[in-house]
Each structure stands twice: as C-alpha cells, then as structure tokens.
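Peer 1: Using our numbering, the letters of the first sequence correspond one by one to residues 10 to 444. A virtual CB, placed ideally from N, CA and C, is assigned to each residue, including glycine. None of the values given here were measured: they were computed from a predicted structure.
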Amino acid sequence: MIPRITIAQAGAHVGESVQIAGWLYNLRRSGKIAFPILRDGYGLMQCVAVKSALPEALFETIRNLTQESSIIVTGKIRADERAPGGFEMDVENLEVVQRVPESDPYPITPKDHGIEFLLEHRHLAIRGLRAHAILGIRHEVIKAVRDYFDSHGFTLVDTPIFTPAACEGTTTLFEVNYYEDNKAYLTQSGQLYNEATAMAFGKVYCFGPTFRAELSKTRRHLREFWMVEPEMAYATLEDVKRVAEEMLVFIVGRVLENRREELKRLERDVTRLEAIQAPFDRMTYDEAIEILHQKGSPIQWGDDFGGTDETLLTQDRQRPIMVDRFPASFKAFYFEPAADRPDVVLGVDVLAPEGYGEIVGGGQRIHDLDLLLQRIEQHKLPKEAFQWYIDLRKYGSVPHGGFGMGIERAVAWICGIEHIRETIAFPRTLYRWAP
RNA sequence: UCCUCAGUAGCUCAAUGGUAGAGCAUUCGGCUGUUAACCGAAGGGUUCCUGGUUCGAGUCCAGGCUGAGGAGCCA
10 MIPRITIAQA GAHVGESVQI AGWLYNLRRS GKIAFPILRD GYGLMQCVAV KSALPEALFE
70 TIRNLTQESS IIVTGKIRAD ERAPGGFEMD VENLEVVQRV PESDPYPITP KDHGIEFLLE
130 HRHLAIRGLR AHAILGIRHE VIKAVRDYFD SHGFTLVDTP IFTPAACEGT TTLFEVNYYE
190 DNKAYLTQSG QLYNEATAMA FGKVYCFGPT FRAELSKTRR HLREFWMVEP EMAYATLEDV
250 KRVAEEMLVF IVGRVLENRR EELKRLERDV TRLEAIQAPF DRMTYDEAIE ILHQKGSPIQ
310 WGDDFGGTDE TLLTQDRQRP IMVDRFPASF KAFYFEPAAD RPDVVLGVDV LAPEGYGEIV
370 GGGQRIHDLD LLLQRIEQHK LPKEAFQWYI DLRKYGSVPH GGFGMGIERA VAWICGIEHI
430 RETIAFPRTL YRWAP
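1. Which residues bound the alpha helix (DSSP H) around L272?
2. Assuming contact is defined by CB atoms lying nearer than 7 Å, are G20 and D49 in contact in what I supplied?
3. Does the region 223–233 come within contact of the region 257–268, defined as at least 3 CB pairs closer than 8 Å?
4. On the three-state DSSP scale, how would you describe F435?
5. If we call anything under 7 Å between Cβ atoms a contact, is T219 one with M241?
6. Taking only the alpha-carbon atoms, compute the straight-line gap between E184 and R221 and give it to the nearest angstrom.
7. Out of curiosity, what's the CA-to-CA distance linking W422 and V106?
8. Quick one: what's got a C-beta closer than 8 Å to R402's C-beta in the same chain, skipping five residues either side?
9. Can R291 and M331 be called in contact, C-beta distance under 7 Å?
10. Please classify P12 as buried or exposed, where buried requires at least 16 neighbouring CB atoms within 10 angstroms.
11. Can you grab the Cα-Cα spacing for the pair V27 / T15, in whole Å?
12. Got a sec? Which residues, its chain only, sit under 7 Å from R131 by beta carbon, not counting five neighbours each side?
13. Please name the residue in L201, Y194, F158, S160 whose C-alpha comes closest to that of T172.
14. In chain order, what residues of the same chain lie with their CB nearer than 7 Å to the CB of L360, ignoring the 5 residues before and after it?
15. Nearest by alpha-carbon distance to A347: which of R326, G364, Q327, G372 is it?
16. Specify, as a first and last residue, the run of the alpha helix (DSSP H) that H409 falls within.
17. What is the rounded straight-line gap between the Cα of N203 and the Cα of K304?
18. Could you tell me whether the Cβ atoms of R274 and F342 are closer together than 7 Å?
19. Distance check for E101 and T83, CA to CA, integer angstroms please.
20. Would you grab the beta carbon distance between I135 and L144 for me? Rounded to a whole angstrom, and I think it's under 8 Å.
21. For G211 versus E238, is the C-beta distance shorter than 7 Å?
22. Taking buried to mean at least 16 other C-beta atoms within 10 Å of its own C-beta, is T118 buried or exposed?
23. If you follow the beta strand (DSSP E) that T293 is in, where does it begin and where does it stop?
24. Would a C-beta distance cut-off of 7 Å place P362 and R326 closer than the cut-off?
25. Runs of 3 residues minimum, wholly inside the region 320–355: which ones carry the beta strand (DSSP E) assignment?
26. Going by C-alpha distance, which of I399, D358, Y440, I433 is nearest G413?
27. On the DSSP bridge list, what partners appear for P239?
28. Per DSSP, I86 forms a beta bridge with which residues?
29. Taking a contact to mean a Cβ-Cβ separation below 7 Å, would you say G410 touches A244 in this structure?
30. Does the region 34–43 come within contact of the region 79–93, defined as at least 3 CB pairs closer than 8 Å?
31. How far does the alpha helix (DSSP H) with I385 in it reach, from first residue to last?
32. Among V258, F335, L138, I433, whose alpha-carbon lies nearest the alpha-carbon of D156?
33. How many Å lie between G95 and P64 at the Cα?
34. According to DSSP, what are the bridge partners of R374?
35. Which of the three DSSP states is assigned to T35 in this structure?
36. Name, in chain order, the residues that DSSP records as bridge partners for M256.
Structural data, given as structure tokens:
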C-alpha cells in the first residue's frame with residue numbers, strides 16, 4: 010500500500026513512492042516532459058512527468074491538465090535543487106478527480122489581478138500563496154493568544170452574540186428581530202459579561218466575533234471582526250498593561266518561531282518583529298498630546314486620536330506604545346477615574362508601530378456602586394437594562410480590569426500588510442458582504 | 001454623509017477628438033529540466049449606463065451606476 014502524505018511531510022519520504030492528493034497549481038511542459046506543480050494546502054510540490062517513462066495516454070492526460078483540476082499523484086520523492094521546494098516527485102501515476110474544463114477555466118491566473126476581482130472571487134483567491142500565508146499566521150496568532158491565557162490561569166468563558174440592549178446608542182449596533190417584534194443586537198464586545206464571569210473565575214477571557222455597524226471605510230475597519238478580551242478580578246490598570254504587553258510579546262515570538270516561511274512569503278521585515286520586546290514605551294495622554302503638538306498635529310486636549318495622530322506617535326518607534334489616562338469625556342461610561350485626576354480615566358490603548366494604530370484597548374473598570382450609577386445617568390443609559398451589571402457592584406465588588414484585542418489588526422501588523430481585509434477568509438466591509 | 005480616483009477582451013492595462021491594441025488566460029502547433037517557462041499562430045469587444053457637444057467620442061460635457069482610497073465615525 011502506497012502511503013498518502015502531505016507535501017509538508019515529503020522530506021521524511023525521500024526515495025519512497027508516495028501519494029499526494031491536491032490541485033494543479035501550475036503546469037509547464039514541453040513535448041516530452043511536463044512539470045505539473047501540485048498544491049495540497051500544505052505546500053507546493055513540483056512533479057516531473059517524462060513521456061518515455063509513462064504510458065502514452067497518461068502522459069497526454071498530464072500534458073493537458075488544466076489549472077486547479079483536482080488530482081492524486083503517485084510518485085517517488087527526490088531531493089533536487091532545481092525544485093522550488095527542494096524536493097520533487099517523479100510521477101508514476103496520476104488520477105484526475107475532477108478536471109476543470111477549458112470552456113470555463115479557473116479565473117485566477119498566475120498574473121496580477123485587481124482587488125475588486127480578487128474580492129469577488131475570494132472563495133477561490135484563498136487558494137493562493139499570499140492568502141495561505143496570511144491565514145496561516147492568523148491561525149498561529151489565535152493559537153498563541155489562547156495558549157498564553159490558558160497557561161496564565163485564565164478560563165475561557167464565551168459571551169453571548171445576541172445582546173438585549175444598546176450599551177451606547179443604537180447607531181453602531183446591528184439590530185435583529187429576536188422573536189416577533191422583540192429586538193436584539195449583535196454583540197460589540199463581551200466585556201460587560203466578562204466582568205460578571207471574572208467574579209466567578211478570577212481571570213477569564215472570551216474570544217469571538219464582534220459586529221460594528223459603523224460607516225467606516227478604511228484599511229483598518231471590518232464590520233465583522235474577531236476579538237479576544239481578557240478580564241481580571243482584583244486587577245488595576247498596571248496589571249492590565251503588564252498582561253497586554255506580555256501577551257503581545259508572546260504572540261509575536263510564536264509567529265517568529267513557527268511561521269518564518271509565511272513571513273518570508275509576505276516579504277515581512279522580521280527585524281521589526283524581533284524588536285517587539287518588553288518593556289513597551291509608556292506615556293500618558295497628556296504626554297502624547299504634547300508630542301503630537303511638537304509634530305504639528307492640530308489635536309486639542311480632549312480630542313480622541315485620529316488615524317494620522319496614531320501614525321505620528323508610532324512612526325519613529327520600534328516597539329508598541331502604551332498610552333493611558335485619557336480624558337473621561339470621550340471614553341466609555343465604565344472606566345475608573347484616576348484617584349488624583351477625576352477628569353482622566355484609567356484606560357490604556359496599545360498602538361502598534363509602523364502606523365498600524367490601536368490594536369489593544371482596555372483599562373480598569375469602575376467598581377464603586379454609586380459612581381457607576383452616576384455614570385450610567387450621565388451617559389443617559391437605560392438603567393433597567395444594566396441592572397445585572399449594577400448587581401456586580403453590590404455583591405463583592407472589587408477593582409478589576411481587562412482589555413480587548415482585535416485579531417485582524419494584530420495579524421495585519423504582524424504580517425506587515427496594507428489592508429485588514431486580507432487577514433480574514435471572508436471579509437465583511439461596508440459595501441461588501443459576499444461571498 | 002463628504003472628498004479624491006477609477007471603470008476598455010475572462011484578467012492586468014495601452015490607445016494626441018480620426019481604422020480599439022498588447023501581455024497573460026483559452027484553442028492549435030513546436031520544444032526532455034522548466035521556475036509567473038519559452039517560440040509560432042488563431043479566436044475573443046454593447047469601451048459601465050443614459051443623454052449632450054462635434055463632420056467624427058473610449059477620449060470632451062451633464063446626470064446616474066459600480067468599485068477603490070481616505071475623512072468623519074470607531075465600547
């Protein structure tokens with residue numbers, strides 16, 4: 010019985026006859042020799058089919074294969090410097106599972122394509138080497154995030170996707186009919202629920218999709234994206250910053266360890282990633298404003314950073330920046346105010362270098378009942394909907410905090426790619442939600 | 001919602017207001033070591049839509065549609 014292997018395993022089978030199942034990536038041929046390039050999801054394998062060594066009908070079949078036809082190739086693995094992957098396979102047999110017809114050829118040719126065409130054909134474009142590298146790194150990042158939290162005492166407690174009330178205005182929420190005329194909203198964050206589960210487990214995290222109905226149309230925005238959100242009981246802003254820093258160093262290290270090939274494919278400057286070490290630069294919002302003024306930004310104290318401000322702050326830095334102590338005026342209702350400065354809150358944003366902007370946002374939450382009630386009122390939020398959240402401040406309230414990290418922004422930064430839409434298999438952007 | 005840019009062959013793009021073209025893909029032919037192979041040939045067009053200016057519009061004008069980039073927005 011000939012063993013079925015993947016292309017990634019070829020190195021362990023040199024000199025053996027094996028079988029690889031995949032798709033025809035490309036085909037180069039002359040009259041009496043053909044080089045089908047096989048793709049199996051694990052790598053590329055150059056196959057060599059020599060006319061004189063094969064039955065005539067089989068050689069003709071190989072010679073006339075079409076791009077992305079599904080095939081199962083049997084042959085002997087051989088190390089060869091002329092092959093792109095270092096190994097090649099001398100074809101002994103080839104079974105065509107499905108042949109792509111010439112009348113309707115595979116639309117994505119090896120030459121250039123525009124972004125519109127690639128997004129229309131995203132279900133096929135994900136077969137390409139670039140998408141394969143990016144999505145492989147995405148997988149590594151997610152696995153690293155989970156390994157980090159799992160090995161630091163955090164329990165994964167998933168939070169609901171359907172939520173009952175708008176936390177802050179319905180304009181950025183997707184509304185759905187839950188049943189009859191009862192409305193529910195797709196989650197924007199699991200944080201409030203995390204605050205409840207943290208009181209049950211001590212340290213928790215959730216990881217899932219989040220939905221924002223914003224009319225944002227930039228390289229940093231998706232309408233559906235994935236977010237990991239840890240939350241810790243008995244934690245302060247400093248604890249939150251330390252965990253965020255440690256986690257980011259850990260995931261970048263994992264990608265460098267396990268995904269060199271993919272980074273090379275993306276032409277990522279890995280020295281930029283190797284520089285991601287603790288401690289990150291830390292500054293307050295006040296200090297950030299001062300730096301921005303020196304760099305000519307028109308930003309006023311009390312404004313949130315714009316995209317260009319984030320770029321200005323990070324452009325000459327090797328490491329991420331942690332900015333904390335923001336004006337309470339533009340931050341959410343649940344942030345704990347600074348003890349010495351009631352006009353600023355204990356929130357922190359982590360800005361990635363190279364202009365990738367905010368990848369982490371979080372901070373310390375209000376734990377005092379009266380203050381929370383006051384803030385809910387100030388923000389004109391429906392108190393009834395927050396009753397369960399208010400309860401958390403009645404029954405053993407403690408200082409606590411956490412953060413959220415958008416997976417796609419982190420992956421775009423680590424990959425060094427221009428647009429966040431490439432970091433998810435099927436991106437949902439403002440005007441495109443298919444395929 | 002606003003600003004900017006774009007729309008020509010299946011794809012990526014050319015074409016001074018004057019005969020609509022190339023490369024890739026497809027088809028046919030050639031080639032025993034190719035590396036997005038190469039060489040020769042063929043087929044392939046509602047130039048996004050509607051209207052206008054002009055002897056003549058892919059090109060200029062008006063409106064619309066679609067897409068992209070950005071702004072605002074972004075717990």
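Peer 2: Answer, in terms of the structure:
1. Start at 1 with the first residue of the first sequence, and residue 272 comes out as number 263. Unbroken alpha helix (DSSP H) run through L272: 269–274.
2. Numbered from 1 along the first sequence, position 11 holds the residue referred to as residue 20. Numbered from 1 along the first sequence, position 40 holds the residue referred to as residue 49. Cβ atoms of G20 and D49: not closer than 7 Å.
3. no
4. Numbered from its first residue, the first sequence carries residue 435 at position 426. Note: F435 maps to coil in three-state DSSP.
5. As a working mapping, residue 219 is identified with position 210 in the first sequence. As a working mapping, residue 241 is identified with position 232 in the first sequence. No; because the gap between Cβ atoms is not below 7 Å, this pair is not in contact.
6. Taking the first sequence and counting its residues from 1, one reaches residue 184 at position 175. Taking the first sequence and counting its residues from 1, one reaches residue 221 at position 212. Taking the straight line joining both Cα atoms gives about 11 Å.
7. One-based indexing of the first sequence puts residue 422 at position 413. One-based indexing of the first sequence puts residue 106 at position 97. One C-alpha to the other measures close to 39 Å.
8. Against the first sequence, residue 402 aligns to sequence position 393. The residues are I375, H376, D377, L378, L381.
9. Your numbering for residue 291 matches position 282 in the first sequence. Your numbering for residue 331 matches position 322 in the first sequence. In contact: R291 and M331 (Cβ atoms closer than 7 Å).
10. In the first sequence, the residue the question calls residue 12 occupies position 3. Flag for P12 reads exposed.
11. As a working mapping, residue 27 is identified with position 18 in the first sequence. As a working mapping, residue 15 is identified with position 6 in the first sequence. Straight-line Cα distance between these residues: approximately 9 Å.
12. Start at 1 with the first residue of the first sequence, and residue 131 comes out as number 122. Same-chain partners within the cutoff: F435, P444.
13. Counted from its first residue, the first sequence places residue 172 at position 163. The shortest Cα separation from T172 among L201, Y194, F158, S160 belongs to Y194.
14. Numbered from 1 along the first sequence, position 351 holds the residue referred to as residue 360. Around L360: E319, L322, T323, P329, I330, V332, G366, E367.
15. For this step, residue 347 is matched to residue 338 along the first sequence. The shortest Cα separation from A347 among R326, G364, Q327, G372 belongs to G372.
16. To locate residue 409, count along the first sequence from 1; it is residue 400. Note, H409: premise wrong, no alpha helix (DSSP H); beta strand (DSSP E) at 409–415.
17. On the first sequence, position 194 is the one that residue 203 refers to. On the first sequence, position 295 is the one that residue 304 refers to. Between N203 and K304, the C-alpha separation is close to 39 Å.
18. Position 265 of the first sequence holds residue 274. Position 333 of the first sequence holds residue 342. No, they are not a contact pair.
19. As a first step, residue 83 is located in the first sequence; it is residue number 74 there, counting from the start. As a first step, residue 101 is located in the first sequence; it is residue number 92 there, counting from the start. Approximately 6 Å, taken between the alpha carbons.
20. For the purposes of this step, residue 135 is taken as the residue at position 126 of the first sequence. For the purposes of this step, residue 144 is taken as the residue at position 135 of the first sequence. Confirmed, about 7 Å.
21. Looking up residue 211 in the first sequence gives position 202. Looking up residue 238 in the first sequence gives position 229. No, these two residues do not count as a Cβ contact at 7 Å.
22. Taking the first sequence and counting its residues from 1, one reaches residue 118 at position 109. T118 is exposed by the Cβ-count criterion.
23. As a working mapping, residue 293 is identified with position 284 in the first sequence. Element bounds for T293: 290–293.
24. The count along the first sequence starts at 1 and reaches residue 362 at position 353. The count along the first sequence starts at 1 and reaches residue 326 at position 317. In this structure, R326 lies closer than 7 Å to P362 by Cβ.
25. 330–336
26. Reading the first sequence from its first residue, position 404 is the one you call residue 413. Comparing Cα-Cα distances from G413 to each of I399, D358, Y440, I433, the minimum goes to D358.
27. Your numbering for residue 239 matches position 230 in the first sequence. Per DSSP, Y214.
28. Numbered from 1 along the first sequence, position 77 holds the residue referred to as residue 86. Looking at the DSSP assignment, I86 forms a beta bridge with V23, M98.
29. Stepping through the first sequence from its first residue, residue 410 is reached at position 401. Stepping through the first sequence from its first residue, residue 244 is reached at position 235. Against a cut-off of 7 Å, the Cβ pair of A244 and G410 comes out as a contact.
30. no
31. Taking the first sequence and counting its residues from 1, the one referred to as residue 385 is at position 376. Its alpha helix (DSSP H) spans residues 378–387.
32. Translated into positions along the first sequence, residue 156 becomes position 147. Here the closest residue by C-alpha is V258.
33. Numbered from 1 along the first sequence, position 86 holds the residue referred to as residue 95. Numbered from 1 along the first sequence, position 55 holds the residue referred to as residue 64. Cα to Cα, the separation comes out at about 27 Å.
34. Counting from one through the first sequence, the residue named residue 374 turns up at place 365. Looking at the DSSP assignment, R374 forms a beta bridge with F344, H409.
35. Your numbering for residue 35 matches position 26 in the first sequence. According to the sequence provided, residue 35 is Asn. The question's Thr does not apply to it. The answer is strand: DSSP assigns N35 an E or B state.
36. In the first sequence, the residue the question calls residue 256 occupies position 247. Bridge partners of M256: none, in fact.
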